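Inspection log for the structure reproduced underneath, given as structure tokens.
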Amino acid sequence: DKIASVANFSKFHFHRIFYSVMKETLFEFIQRIRLEKAATKLLQNTDTPVTDIAYDCGFSSPAVFARAFKDYFEMSASDWRANACAEDSNLSKMKSNSSKYESKFGKMISASTSYFCDVNNCSIIEWNCKMLNKEDLKVEVKELDAFDLAYVRHIGPYKGNSGLFERLWGEICGWAGPRGLIIPGKTKFISVYYDNPDITDEDKLRLDVCLSVPSDTVVNPPFGKMTMPKGKYAVCKMDIAMDEFQDAWNFVYGEWLPQSGFQPDDRPCYENYLSSPGEHTPGRVILEIVVPVKPM
Numbered sequence: 143d144k145i146a147s148v149a150n151f152s153k154f155h156f157h158r159i160f161y162s163v164m165k166e167t168l169f170e171f172i173q174r175i176r177l178e179k180a181a182t183k184l185l186q187n188t189d190t191p192v193t194d195i196a197y198d199c200g201f202s203s204p205a206v207f208a209r210a211f212k213d214y215f216e217m218s219a220s221d222w223r224a225n226a227c228a229e230d231s232n233l234s235k236m237k238s239n240s241s242k243y244e245s246k247f248g249k250m251i252s253a254s255t256s257y258f259c260d261v262n263n264c265s266i267i268e269w270n271c272k273m274l275n276k277e278d279l280k281v282e283v284k285e286l287d288a289f290d291l292a293y294v295r296h297i298g299p300y301k302g303n304s305g306l307f308e309r310l311w312g313e314i315c316g317w318a319g320p321r322g323l324i325i326p327g328k329t330k331f332i333s334v335y336y337d338n339p340d341i342t343d344e345d346k347l348r349l350d351v352c353l354s355v356p357s358d359t360v361v362n363p364p365f366g367k368m369t370m371p372k373g374k375y376a377v378c379k380m381d382i383a384m385d386e387f388q389d390a391w392n393f394v395y396g397e398w399l400p401q402s403g404f405q406p407d408d409r410p411c412y413e414n415y416l417s418s419p420g421e422h423t424p425g426r427v428i429l430e431i432v433v434p435v436k437p438m
């Protein structure tokens with residue numbers, strides 16, 4: 143009722159519109175986000191009991207969580223965590239027994255084994271960061287203040303789609319420019335990511351392309367407004383080629399984070415662009431990868 147009233151729709155129209163946009167009901171959306179959050183926490187926080195993670199992700203009881211997790215991932219939460227560091231022979235067996243293993247857990251193993259297995263002292267598969275000069279990379283943990291953002295949202299695949307990002311930036315800048323909201327040297331240009339692409343299906347990934355705005359800025363659809371929460375963030379400044387974004391994120395999550403004494407927090411992570419592509423060097427961009435963290 144409250145969400146429908148905030149959206150200015152009757153409950154009936156809100157549910158119908160929500161489903162037409164998201165291709166899932168409001169309940170299915172909330173349930174999926176909770177389960178995907180739990181799946182990530184099970185691997186990132188290996189010492190936290192499954193029951194604690196269930197309650198932390200909004201489930202009313204361990205039994206409700208256990209049923210929902212198994213229905214969605216086709217394996218128990220304990221098996222999901224235990225098999226994160228399974229040997230290849232066991233992985234093959236799991237793949238044959240679970241169709242969702244191939245699309246979700248299998249992607250995570252191939253993409254993120256070094257991060258998750260390092261936590262468990264398992265054998266580590268090296269990250270493929272051959273392009274990055276990692277000796278020049280430095281991560282600082284900072285307390286950042288909250289700030290307001292105007293955004294345009296995309297739901298669906300985005301990796302490697304430069305045309306998509308050009309369109310989204312064109313939309314948000316085309317809206318902000320005539321309103322005097324783009325101030326050189328002050329306005330932040332940010333991409334916010336909400337989902338773990340190794341768990342969430344591509345067609346449900348959420349991305350916001352954003353500009354920082356004064357707190358009293360009025361924003362109307364199709365644009366939105368939000369506040370980036372204050373708190374502790376790991377900030378890594380990089381000068382990278384346009385095809386090195388995956389390596390950049392792999393470095394922060396796969397190499398720095400497991401050795402840092404920190405773990406990811408629930409706030410969204412984002413890219414803060416300090417230059418336009420090619421502004422200083424053709425084919426390169428200067429940016430910060432910003433990841434919310436909390437102590438282990």
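Quick note: to get the numbering used here, add 142 to the position in the sequence shown (first position is 1).
We put the beta carbon where it would ideally sit given N, CA and C, even for glycine.
Computed from a predicted model, the values in this text were never measured in an experiment.
Run of the beta strand (DSSP E) containing residue i, from where it starts to where it stops
i, result
"Phe461", "The question about residue 461 has no answer here: the residues shown for the chain are numbered 143 through 438."
"His296", "289 to 297"
"Arg321", "Careful: Arg321 lies outside any beta strand (DSSP E) and carries neither H nor E."
"Ile431", "426 to 437"
"Lys284", "281 to 286"
"Asp198", "Per DSSP, Asp198 belongs to no beta strand (DSSP E); it is in the alpha helix (DSSP H), 192 to 198."
"Val360", "Here Val360 belongs to no beta strand (DSSP E), and DSSP marks it neither H nor E."
Residue i burial status per 10 Å Cβ neighbour count (16 or more: buried)
i, result
"Met370", "buried"
"Tyr412", "buried"
"Ser354", "buried"
"Asp389", "buried"
"Ser265", "The predicted position of Ser265 is uncertain, since its pLDDT is 28 and thus under 50; no value can be drawn from it."
"Tyr136", "This structure cannot settle anything about residue 136, because the visible part of the chain is limited to 143 through 438."
"Val206", "exposed"
"Val394", "buried"
"Gly425", "exposed"
"Gly397", "The question names Gly, but residue 397 is Glu in the sequence shown. When all chains shown are included, Glu397 counts as buried."
"Lys144", "exposed"
C-beta atoms of residue i and residue j nearer than 8 Å
i, j, result
"Asn392", "Thr182", "no"
"Val192", "Ala219", "yes"
"Ile469", "Phe171", "Past the boundaries of the shown model lies residue 469; the chain is included only from 143 to 438, so the question cannot be answered."
"Glu216", "Ile341", "no"
"Val427", "Met384", "yes"
"Val351", "Leu399", "no"
"Glu285", "Lys374", "yes"
"Phe201", "Arg176", "yes"
"Ala224", "Cys199", "no"
"Asp408", "Pro356", "no"
"Ala210", "Gln173", "yes"
Residue i: CB within 7 Å of a non-hydrogen atom of the ligand GDP
i, result
"Gly200", "This structure does not include the ligand GDP; it has no bound ligands of any sort."
Residue i: first and last residue of the uninterrupted alpha helix (DSSP H) it sits in
i, result
"Tyr161", "153 to 164"
"Ile175", "168 to 186"
"Arg223", "219 to 224"
"Lys144", "144 to 148"
"Arg209", "204 to 215"
Let me know the beta strand (DSSP E) ranges lying completely inside the segment 370 to 407, each 3 residues or longer, listed in chain order.
Entirely contained in the segment 370 to 407, the beta strand (DSSP E) runs reaching 3 residues are, in chain order, 373 to 383, 404 to 406.
Would you call the segment 361 to 379 and the segment 292 to 306 touching, i.e. three or more CB-CB distances under 8 Å?
The segment 361 to 379 vs the segment 292 to 306: in contact.
Check whether the segment 311 to 327 and the segment 375 to 383 touch, using three or more Cβ-Cβ pairs below 8 Å as the test.
No: fewer than three Cβ pairs fall under 8 Å.
Pairing CB atoms from the segment 401 to 410 with CB atoms from the segment 418 to 437, are three or more of them under 8 Å?
Touching, per the Cβ criterion.
Would you check if there are 3 or more beta carbon pairs closer than 8 Å linking the segment 323 to 333 to the segment 409 to 427?
Verdict: yes, contact present.
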